[in-house]
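Contents: one structure, followed by commentary.
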């Protein structure tokens, strides 16, 4: 977003008259109304004051960003206002505010006010721009300053993209003979893959750390990210063949067969963030184990480090592969269901829109356990394990009667076990059928794996997993429902502490998985534990943000700038923003 599209000269106030928070808000709202941006002055003012009552929008460094999304707004606009004397706006750093950016967005806008906040924040971290804005005399000066800052930012982004594109084009243009001659003279080149279950923070923080460290060490590196936006900077065969070694910093399953025959270090994604120099140096020294893809002559002898590390690390990666594929159902279904509760209050239980949104959210949630089990199984046994895992996960959500009549489904815990059981069952089945002639490979994939895998999975679920975990699930729900207030608070404290203690690591993910499991097992009615983990996950980034704002001398300029972004990360339940400060 170009912030200049929202900054209008006719709605700028270059010399605010108000001397109090309420007075300057009234003055800016009145300006919006006078210019026709806001049709109902009182309604918009109330929404602004309501937002300020939640927490101040005075973010420090002499800046405030009051904002509201309202039906009275005719078009998305940012009002710039300046106070030479400064106004006590209850800013986070306690200092007077000189620069105001009041953001107005129409009610139907697709989070346009949040996009405006993000665009402004990315520019206002530049202290020179802030200082120049305080000296601006006319609206034209303001637009010129933002134009210059925007151009510098875009130039920097384009330079990075151009550098990457030029590198790819150069690789295509080079002939093999020229490449071999140049290789003796060029800097060492390695490749890396980063991935985490959620794909929001760890993935890109590890990428940045590896690139920055490689530059300092005089090493060329290409990092493929497997994040929430899909695979970016995908490694080509040319990249892999040219590389001296491979770093895989991932907590979820990534494509590995392409690295067959390459020396490879397979580590948790947190090592990519905290130990990038160690990973790069070990790769250059050839300390990685030679990776052998499944199906090759040496695949069974592949080192555990190259193929995934210890048994615990492999179990953790398999679980996180299930969790990462389950998350879209949690987020999408949870938000739609929350909307349905709002509609219920407004329109009543008999409303068609309440029924639609509530059912839609419930349908999405009904896939949590099947998808979790399916992708745990797929991580272990590849595609043949996907269908048995999905069916096993679904059976875990349905109360079945076998040797023991179940009153409850096996639930989330049963689905977890079903996923691992399906995966390892397919691994065993592959070994059992590995001696079949290659001419029957198609028959194995299309017929034998699905039919035999489904039959075995059904027997395991019907006679073993469902009866056992239905009893465990029922006992767990009864225990939690009958828990006294004191014990409930204690468990809530423990879950919140686990969420915050390692900021996206194993303890964090274990607490989140437990809370989701209980929420699903309770029929999506007991949200106490989800509330506890969300609070615990929000505290680290918000604490960093507040500390860097109120005690700026304790932090470098780069850390203070990063601290501002932690306000947004904390409020949106992204704990990983605190990792660089740990």
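Numbering (full-length UniProt numbering), first residue to last: 1 to 582. Note that the Cβ used here is the ideal one computed from N, Cα and C, for glycine as well. Bear in mind that the values here come from a model prediction, so they are computed numbers and not experimental data.
Work out the CA separation of residue j and residue i for me, nearest whole Å.
i	j	result
residue 92	residue 335	30 Å
residue 517	residue 425	24 Å
residue 624	residue 495	Because residue 624 is not part of the residues shown, which for the chain are 1 to 582, the question remains open.
residue 53	residue 70	16 Å
residue 159	residue 203	22 Å
residue 288	residue 360	48 Å
residue 215	residue 157	18 Å
residue 241	residue 259	9 Å
residue 374	residue 230	20 Å
residue 399	residue 467	9 Å
residue 351	residue 332	21 Å
residue 262	residue 254	16 Å
residue 108	residue 138	32 Å
residue 477	residue 437	50 Å
residue 461	residue 394	10 Å
residue 339	residue 237	46 Å
residue 552	residue 562	12 Å
residue 548	residue 560	5 Å
residue 235	residue 317	21 Å
residue 127	residue 218	31 Å
residue 313	residue 121	38 Å
residue 470	residue 227	35 Å
For my contact list, residue i and residue j are in at a C-beta cut-off of 8 Å; report their separation, rounded to the angstrom.
i	j	result
residue 379	residue 423	7 Å
residue 465	residue 410	6 Å
residue 81	residue 12	7 Å
residue 125	residue 78	Actually they do not touch by this definition, with Cβ atoms about 17 Å apart.
residue 104	residue 59	The Cβ separation is near 18 Å, so there is no contact.
residue 573	residue 534	6 Å
residue 243	residue 269	In fact, because the Cβ distance is near 19 Å, the residues do not count as touching under 8 Å.
residue 212	residue 225	At roughly 15 Å, the Cβ-Cβ gap does not stay under 8 Å, so residue 212 and residue 225 are not in contact.
residue 209	residue 273	5 Å
residue 40	residue 72	4 Å
residue 284	residue 388	That pair is no contact at about 42 Å.
residue 28	residue 146	With 8 Å as the limit, residue 28 and residue 146 do not qualify as a contact, their Cβ atoms being about 18 Å apart.
residue 511	residue 503	Not confirmed; about 12 Å, so no contact.
residue 545	residue 567	5 Å
residue 279	residue 264	With 8 Å as the limit, residue 279 and residue 264 do not qualify as a contact, their Cβ atoms being about 11 Å apart.
residue 419	residue 372	6 Å
Taking 6 Å as the limit between beta carbons, can you name the residues of its chain near residue i, skipping five residues before and five after?
i	result
residue 167	none
residue 51	68
residue 277	213
residue 377	385, 389, 419, 422 and 423
residue 370	390, 393 and 394
residue 134	98
residue 575	503, 504, 537 and 540
Quick check on the burial criterion: 16 or more other C-beta atoms within 10 angstroms. Buried or exposed for residue i?
i	result
residue 520	buried
residue 383	exposed
residue 66	buried
residue 556	exposed
residue 45	buried
residue 523	exposed
residue 286	exposed
residue 341	exposed
residue 83	buried
residue 451	exposed
residue 48	buried
residue 540	buried
residue 349	exposed
residue 443	exposed
residue 390	buried
residue 381	buried
Nearest to residue i by CA position, among the options, is which residue?
i	options	result
residue 281	246, 128 and 339	246
residue 151	563, 352 and 123	123
residue 6	115, 270 and 453	115
residue 527	171, 488 and 501	488
residue 431	269, 364 and 448	448
residue 222	271, 171 and 175	171
residue 232	193, 486, 169 and 239	193
residue 89	453, 19 and 34	19
residue 412	292, 121, 365 and 444	365
residue 633	205, 394 and 377	For the chain, the structure presents residues 1 to 582; residue 633 sits outside this window and is missing.
residue 536	290, 554 and 491	491
residue 132	482, 148 and 396	148
By Cβ distance below 8 Å, which residues in the same chain neighbour residue i in space, the five residues on each side in sequence not counted?
i	result
residue 197	251, 252, 320, 321, 323, 324, 327 and 509
residue 571	538 and 542
Which residues in the same chain have their Cβ closer than 7 Å to the Cβ of residue i, if we skip the five residues on either side of it in sequence?
i	result
residue 10	35
residue 601	Outside the modelled stretch of the chain, which goes from 1 to 582, sits residue 601, for which no answer is possible.
Could you tell me whether the Cβ of residue i comes closer than 8 Å to any Cβ of chain B?
i	result
residue 48	The structure shown has no chain B; it contains just one protein chain.
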